[in-house]
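Asks: Protein chains in written order, with the UniProt record's numbering: chain A, 1 to 197; chain B, 1 to 188. Note that CB positions come from ideal geometry on N, CA and C, so glycine has one too. Source: prediction; values computed, not measured. Can you read through this structure? Questions will come right after.
Below you can see the structure in the form of structure tokens.
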């Protein structure tokens, strides 16, 4: 800020060298209370109190899960591009259909369960479902591309992979919910449900 | 300020404050309130007014934290707000700024004269502290912004809405006054 022409005189040098010692005053202890009262109500703290340690943890897990989804999604794109030229004649096989409908069923079950468990926690429910949405959107776009894809098999495998990730994610969400419910019941039975990741 | 060299020190804390977390706001308050209160005290020279200015500054900072984009340190950003708050408070006192021209016509000394002046003095923190608070508002404000808060005359002219030369003259006169007072107490 100040020019460095070295023109500082004795007083200026002295102040600079002893700067911290000049901060001698302190505001009264009540000042924070005044600020506290005047500020709008604390936003995340009530949540924090209700949910204890679970929410930050869930947040981290979801972040990890989301990062995983992103990384795998990119990998899948690369994989599909590489596979483009390999086998243009592959047909959609019935075994895939079966596998996919099994997964879809599983996903529905788990989602129902999560909806039940998050009845009293709309915020968590929203967070969970928005994480799943990314995967779902990915799945839908894969499904759309399936008709035109030169490599049907790779596409179907990608879709199945996507469904598996959805199940993984739901499993993690269920696990979080179970831990959460255990902790709010003040039952430390969390060992019954070891973490998925 | 102590915390300025550590640019990323409060990134996480600031992020939590942006979400409105009271605990994080309190932590930031604890870290900065003392330094910022002293900024207010030097400008306002009044405990109650300094507390009012500090309260308003922290309220401003927390309310407008979304405007802070980490382009400077949080401390530097906060200090701007604090200085502005304290200055708007003191403006209501109708401080008079001395124009450089009238000051030189009155036989004002050059910067060099003051450098010699202060070289002869035995300085101590307490004495300077006391004597600065005894100065008239106009001198004290410019002196404290320049000496203590690291503002240059261009920046002072901006925040006070005065010309750079006025800032300079005000600073020189304030410094002479200060050194006179210290000198007379030292028996010089």
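Does the Cβ-Cβ distance between residue 138 of chain A and residue 75 of chain A come in under 7 Å?
Replies: Against a cut-off of 7 Å, the Cβ pair of residue 75 of chain A and residue 138 of chain A comes out as no contact.
Asks: With a threshold of 6 Å on Cβ separation, who are the neighbours of residue 30 of chain B within its own chain once the five nearest residues in sequence on each side are excluded?
Replies: Contacts found: none.
Asks: Please state whether DSSP places residue 172 of chain A in a helix, a strand or coil.
Replies: DSSP places residue 172 of chain A in helix when its eight states are reduced to three.
Asks: Roughly how many angstroms separate the alpha carbons of residue 12 of chain A and residue 27 of chain B, rounded to a whole number?
Replies: Cα-Cα distance, rounded: 32 Å.
Asks: Buried or exposed: which applies to residue 145 of chain A, given that a residue is buried once 16 or more other Cβ atoms fall within 10 Å of its Cβ?
Replies: It is exposed - the Cβ of residue 145 of chain A has fewer than 16 other Cβ atoms within 10 Å.
Asks: Per the contact definition of three or more C-beta pairs closer than 8 Å, is the region 116-129 of chain A in contact with the region 167-178 of chain A?
Replies: Counting Cβ pairs under 8 Å, three or more are found: they touch.
Asks: Which bits of chain A does residue 62 of chain B rub up against, with CB to CB less than 7 Å?
Replies: Result: 39.
Asks: Can you list, in chain order, the residues of its chain whose CB lies under 8 Å from that of residue 161 of chain A, leaving out five sequence neighbours each side?
Replies: Cβ within range, chain order: 72, 76.
Asks: Should residue 81 of chain B and residue 60 of chain B be called a contact, given that it needs their Cβ atoms to be closer than 7 Å?
Replies: The answer is yes: Cβ separation under 7 Å.
Asks: Assuming contact is defined by CB atoms lying nearer than 7 Å, are residue 78 of chain B and residue 15 of chain A in contact in what I supplied?
Replies: Their beta carbons are not under 7 Å apart, which means residue 78 of chain B does not touch residue 15 of chain A by this criterion.
Asks: Determine the chain A residues that contact residue 37 of chain B at a beta-carbon separation under 7 Å, and present them in chain order.
Replies: Here the neighbours are 25, 26, 27.
Asks: In whole angstroms, give me the CA-to-CA distance for residue 174 of chain B and residue 10 of chain B.
Replies: Taking the straight line joining both Cα atoms gives about 36 Å.
Asks: Using the Cα positions of residue 112 of chain A and residue 58 of chain B, report the straight-line distance between them to the nearest angstrom.
Replies: Answer to the nearest angstrom: the Cα atoms are 47 Å apart.
Asks: Just to confirm the assignment, what range does the alpha helix (DSSP H) spanning residue 25 of chain A have?
Replies: Note, residue 25 of chain A: premise wrong, no alpha helix (DSSP H); not H, not E.
Asks: Hey, how far is the Cα of residue 41 of chain B from the Cα of residue 133 of chain B?
Replies: Distance between the alpha carbons of residue 41 of chain B and residue 133 of chain B: 9 Å.
Asks: For residue 32 of chain B, which three-state DSSP category applies?
Replies: DSSP places residue 32 of chain B in helix when its eight states are reduced to three.
Asks: Mind listing which residues of the region 141-153 of chain B have their C-beta closer than 7 Å to chain A's C-betas, in chain order?
Replies: Cβ contacts with chain A come from 147, 148, 150, 151, 152.
Asks: Go through the region 95-182 of chain A residue by residue and report every complete run of the alpha helix (DSSP H) that reaches 4 residues or more, in order.
Replies: Runs found: 122-146.
Asks: To which residues of the same chain is residue 96 of chain A closer than 6 Å at the C-beta, ignoring the five residues directly before and after it?
Replies: 156, listed in sequence order.
Asks: Closest to residue 142 of chain B by C-alpha separation, out of B:124, B:177, B:123, B:127, would be which residue?
Replies: Checked all of B:124, B:177, B:123, B:127; the closest Cα to residue 142 of chain B is B:177.
Asks: The alpha helix (DSSP H) spanning residue 66 of chain B covers which residue range?
Replies: Looking at the DSSP string, residue 66 of chain B is not in any alpha helix (DSSP H), and its letter there is neither H nor E.
Asks: Can you grab the Cα-Cα spacing for the pair residue 124 of chain A / residue 182 of chain A, in whole Å?
Replies: Approximately 16 Å, taken between the alpha carbons.
Asks: Taking a contact to mean a Cβ-Cβ separation below 7 Å, would you say residue 79 of chain A touches residue 163 of chain A in this structure?
Replies: No; because the gap between Cβ atoms is not below 7 Å, this pair is not in contact.
Asks: Using a C-beta cutoff of 7 Å, does residue 179 of chain A count as contacting chain B?
Replies: Chain B, which has no Cβ nearer than 7 Å to the Cβ of residue 179 of chain A, makes this no.
Asks: Could you check whether the Cβ of residue 42 of chain A sits closer than 7 Å to any Cβ belonging to chain B?
Replies: So, interface residue.
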